[in-house]
Amino acid sequence: MAEAVLELLLDNFNSLVQKELGLFLGFENDFKSLSSLLTTIKATLEDAEEKQFTDPVHGKAIKDWLLKLKDAAYVLDDILEECATKALELEYKGSKGGLRHKLHSSCLCSLHPKQVAFRYKIAKKMKNIRERLDEIAAERIKFHLTEIVREKRSGVPNWRQTTSIISQPQVYGRDKDMDKIVDFLVGEASGLEDLCVYPIVGIGGLGKTTLAQLIFNHERVVKHFEPRIWVCVSEDFSLKRMTKTIIEATSKKSCGILDLETLQTRLQDLLQGKRFLLVLDDVWDVKQENWQKLRSVLACRGKGSSILVTTRLLKVAEIMRTIPPHDISKLSDEDCWELFKQNAFGTNEVEREELVVIGKEILRKCGGVPLAAKALGSLLRFKREEKEWRYIKESKIWNLQDEENVMPALRLSLLEFAS
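Each residue of the sequence shown is one higher than the last, beginning at 1 in full-length UniProt numbering.
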């Protein structure tokens with residue numbers, strides 16, 4: 001997911017450039033050069049994500065390189081967050097007339113000690129991260145990565161789209177999570193004056209979306225909230241797109257409005273005084289400004305309205321939450337086996353003991369991650385030779401560790417599917 005992280009960083013750069021914050025802080029050239037460098041690195045990421053698994057010579061080194069890149073990207077994102085926070089301070093403290101006027105009239109455009117200290121601190125951090133990214137960019141050359149430049153598309157890629165419909169015939173190991181959140185939403189949250197924002201946090205593949213679907217369709221939730229709205233966010237937290245999508249999900253009609261202010265007014269008309277449940281699934285965006293603006297539009301809600309957020313990033317949860325996030329845990333061995341068995345054997349087939357033994361050995365490599373268990377079960381669904389199961393168990397791909405072995409399990413599935 002290094003590409004997603006860089007995409008968000010580039011969006012943050014564009015936002016700060018549009019506000020002319022870099023110009024007045026004296027970092028305009030730093031912003032531009034870092035943005036250009038990240039764009040160049042990003043063009044090689046698609047090839048790098050593939051070669052970390054397939055390159056017999058550089059595979060491990062490329063994986064380490066991607067991890068270093070992600071770490072550096074998060075450090076840079078923290079720096080940009082400091083700049084964005086400063087911009088918000090200026091908006092609150094400045095007079096009318098736009099950010100340029102506010103910046104000119106603020107202490108940042110003088111020799112005020114606070115201005116000097118802030119510039120020095122950010123300049124030092126910018127220098128350090130630039131040197132770090134330069135080293136990372138230079139290192140990529142030895143991997144012979146191919147640059148692939150694609151036109152950026154708005155919205156959510158088809159493969160990332162989610163809906164409120166539960167697609168699994170049976171869900172294992174999530175009853176306690178579901179009951180806890182449902183009890184809170186229809187109970188304690190009903191008495192809250194402020195809009196309740198409840199994040200569900202966990203690594204990829206743990207079933208955050210599935211849990212949200214269970215809650216969204218729970219009988220008590222259906223009776224308690226009207227309307228219930230599902231929005232798949234992914235990496236595109238554009239304020240205009242989000243507002244329009246919520247309008248369409250609420251009204252069940254296509255919305256042709258293009259102006260943001262008109263969209264916001266329309267959304268407030270639809271939700272005025274209503275106790276709604278809004279699910280924001282798969283949130284990656286960390287722009288506090290966009291979230292604050294959307295939340296202010298939703299302030300028209302009725303008492304007891306709630307927003308359920310699913311995200312991999314604790315930073316996102318901390319920005320959005322009004323109550324502590326719910327950390328989704330790994331499945332127990334028993335639940336993980338039931339899920340694997342459902343996909344590997346179906347409901348009617350008699351389980352062969354030798355395959356069960358190998359299957360449980362394979363499953364231990366999944367680390368309790370349901371997506372990995374489901375993928376491997378589906379992979380073995382029509383394989384009934386013991387040697388085929390042993391081949392999966394002994395594959396070298398398991399040596400490429402990732403988040404709880406999710407990626408090795410999915411890589412095995414994809415390679416087998418393509419063969």
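The beta carbon of each residue, even a glycine, is placed where N, CA and C say it ideally should be.
Nothing here was measured: the structure is a model prediction, and the numbers come from that model.
Boundaries (first-last residue) of the beta strand (DSSP E) holding residue i
| i | result |
| --- | --- |
| Leu195 | Where Leu195 is concerned, there is no enclosing beta strand (DSSP E), given that its DSSP letter is neither H nor E. |
| Asp281 | 277 to 283 |
| Ile307 | 306 to 311 |
C-alpha distance - residue i paired with residue j, whole-angstrom precision
| i | j | result |
| --- | --- | --- |
| Asn158 | Val283 | Low confidence applies here, because Asn158 scores a pLDDT of 49, under 50, leaving its location unreliable; read the following figure in that light. Taking the straight line from one Cα to the other gives about 16 Å. |
| Ala43 | Gln161 | 24 Å |
| Pro56 | Leu69 | 21 Å |
| Thr265 | Leu239 | 14 Å |
| Arg119 | Leu37 | 22 Å |
| Glu388 | Ile203 | 30 Å |
| Thr311 | Ile200 | 6 Å |
| Pro173 | Gly377 | The sequence given here places Gly at residue 173; Pro does not occur at that position. Roughly 17 Å separates the two Cα atoms. |
| Ile229 | Lys121 | 43 Å |
| Thr210 | Ala123 | 44 Å |
| Asp259 | Ala48 | 39 Å |
| residue 442 | Glu349 | Only positions 1 to 419 of the chain appear in this structure, which leaves residue 442 out of reach. |
| Leu294 | Lys176 | 31 Å |
| Ala344 | Leu371 | 13 Å |
| Glu131 | Ile79 | 15 Å |
| Phe417 | Lys374 | Caution applies to Phe417, whose pLDDT of 42 falls short of 50 and renders its modelled position unreliable; the value that the coordinates give is listed next. So the alpha carbons of these two residues sit roughly 14 Å apart. |
Residue span of the alpha helix (DSSP H) that contains residue i, given as start and end
| i | result |
| --- | --- |
| Leu145 | Careful: Leu145 lies outside any alpha helix (DSSP H) and carries neither H nor E. |
| Val186 | 175 to 186 |
| Thr347 | Taken as a continuous stretch (DSSP letters only), Thr347 belongs to no alpha helix (DSSP H), as it is neither H nor E. |
| Ala212 | 208 to 216 |
C-beta contact flag for residue i and residue j at 7 Å
| i | j | result |
| --- | --- | --- |
| Ile328 | Leu185 | no |
| Leu267 | Val297 | yes |
| Leu214 | Met178 | yes |
| Ala73 | Leu6 | yes |
| Ala212 | Val279 | yes |
| Cys232 | Asp183 | no |
| Leu195 | Ile129 | no |
Three-state secondary structure assigned by DSSP to residue i
| i | result |
| --- | --- |
| Ser238 | coil |
| Arg228 | strand |
| Ile200 | strand |
| Val356 | helix |
| Val57 | coil |
| Glu404 | For Glu404, the predicted structure reports a pLDDT of 47, less than 50, and the residue's modelled location is therefore unreliable. A value from the coordinates is still provided. In the structure shown, Glu404 sits in a helix (DSSP, three-state: H, G or I). |
| Val233 | strand |
| Asp259 | coil |
| Leu6 | helix |
Given residue i as reference, the closest of the options once Cα atoms are compared
| i | options | result |
| --- | --- | --- |
| Leu145 | Gly59, Glu318, Ser254, Met178 | Gly59 |
| Lys253 | Glu289, Leu260, Thr262, Leu270 | Leu270 |
| Val221 | Thr54, Ile307, Leu294, Thr245 | Ile307 |
| Leu192 | Arg301, Glu46, Leu10, Lys244 | Arg301 |
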